[in-house]
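Q: Numbering (the numbering used here), first residue to last: 120 to 335.
Structure in structure tokens, see below.
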Ligand code: SAH
């Protein structure tokens with residue numbers, strides 16, 4: 120966020136803190152990644168407000184405080200390999216790239232994969248790769264993962280994703296029976312099974328099957 124006025128930057132970080140994003144490493148990562156680069160066209164001038172905004176392919180870039188809270192709950196360590204399901208604008212993946220060793224992010228819309236790939240290169244984020252695939256099946260060729268984050272809502276945690284989580288690994292995802300009522304949950308894989316905890320109410324676009332229509 121180098122080109123921004125000190126005031127805009129301060130307000131952005133203040134909003135994050137006031138919503139409970141207190142982890143210094145997460146705040147530093149979010150200070151480094153300019154959200155304005157990930158919002159295009161009409162809504163670009165609202166990039167530093169704490170609000171979700173429309174992006175291409177009828178999708179949304181998540182609210183910054185939700186990105187912060189999810190990243191914080193994921194508790195990423197510097198040597199971790201992270202999988203994100205739902206690249207969207209690429210913003211969440213870019214923030215993760217500042218905290219992890221390696222980030223894979225998968226998306227069902229080809230256009231979003233292409234545009235975010237270009238943006239990651241432009242920003243010099245060399246440890247994050249966007250790939251076109253149905254993320255409900257995870258990314259078996261790179262599994263297992265230390266951390267998995269899902270930024271689209273399913274009814275339950277998808278089985279293939281749970282199977283691709285290392286022992287000691289953490290997955291953060293929204294689950295819910297409808298488009299309007301969802302809960303952000305955290306799943307930890309232990310030696311003996313899975314521990315679940317509920318974090319906060321959220322609202323995400325649904326996790327859909329197959330690739331986007333632009334690929335048909
Ligand atoms: N993390 C994004 C916001 C994601 S919006 C950001 O930082 O901007 C959710 C995204 O999940 C959408 O782009 C949608 O196309 C994608 N998605 C939905 N179902 C999917 C699936 N099965 N596999 C991969 N991506 C999916």
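A virtual CB, placed ideally from N, CA and C, is assigned to each residue, including glycine.
Contact defined as beta carbons within less than 8 Å: I believe residue 181 pairs with residue 171. What is the distance between those atoms, to the nearest angstrom?
A: The pair is a contact, with the Cβ atoms about 6 Å apart (cut-off 8 Å).
Q: Apply the 10 Å Cβ neighbour rule to residue 240 and answer buried if 16 or more other Cβ atoms are within range, or exposed otherwise.
A: Result: exposed.
Q: Does DSSP classify residue 337 as helix, strand or coil?
A: A query on residue 337 cannot be resolved here, the shown segment of the chain reaching from 120 to 335 and no further.
Q: Buried or exposed, going by whether 16 or more other CB atoms sit within 10 Å of the CB of residue 184?
A: When all chains shown are included, residue 184 counts as buried.
Q: Specify the secondary structure class of residue 294 as computed by DSSP and reduced to three states.
A: Strand at residue 294.
Q: Give every residue of the same chain whose Cβ lies closer than 8 Å to the Cβ of residue 159, excluding the five residues on either side of it in the sequence, and list them in chain order.
A: Taken in chain order, the residues that qualify are 174, 175.
Q: So is the beta-carbon of residue 233 under 8 Å away from any non-hydrogen atom of ligand 1?
A: No; taking the cut-off as 8 Å, the Cβ of residue 233 has no heavy atom of ligand 1 nearer than that.
Q: Taking only the alpha-carbon atoms, compute the straight-line gap between residue 273 and residue 326 and give it to the nearest angstrom.
A: Roughly 5 Å separates the two Cα atoms.
Q: Under a three-way DSSP split, which group does residue 140 fall into?
A: Three-state DSSP puts residue 140 in coil, outside helix and strand.
Q: Taking Cβ to Cβ, would you say residue 299 is nearer than 9 Å to residue 207?
A: Contact flag unset, no.
Q: Restricting to runs no shorter than 4 residues, where is the alpha helix (DSSP H) found entirely within the segment 162-250?
A: Those alpha helix (DSSP H) runs which fall completely within the segment 162-250 and span 4+ residues are 183-193, 210-216, 229-241.
Q: For ligand 2, I want to know if residue 242 counts as a neighbour, meaning its beta carbon is within less than 8 Å of at least one of the ligand's heavy atoms.
A: Of the ligands one can find in the structure shown, namely ligand 1, none is ligand 2.
Q: Is residue 159 helix, strand or coil when you go by DSSP?
A: Residue state, collapsed to three classes: coil.
Q: For residue 141, does the count of other Cβ atoms within 10 angstroms reach 16, so buried, or fall short, so exposed?
A: Residue 141 should be labelled exposed.
Q: Quick one, are the C-beta atoms of residue 307 and residue 287 less than 9 Å apart?
A: In this structure, residue 287 lies closer than 9 Å to residue 307 by Cβ.
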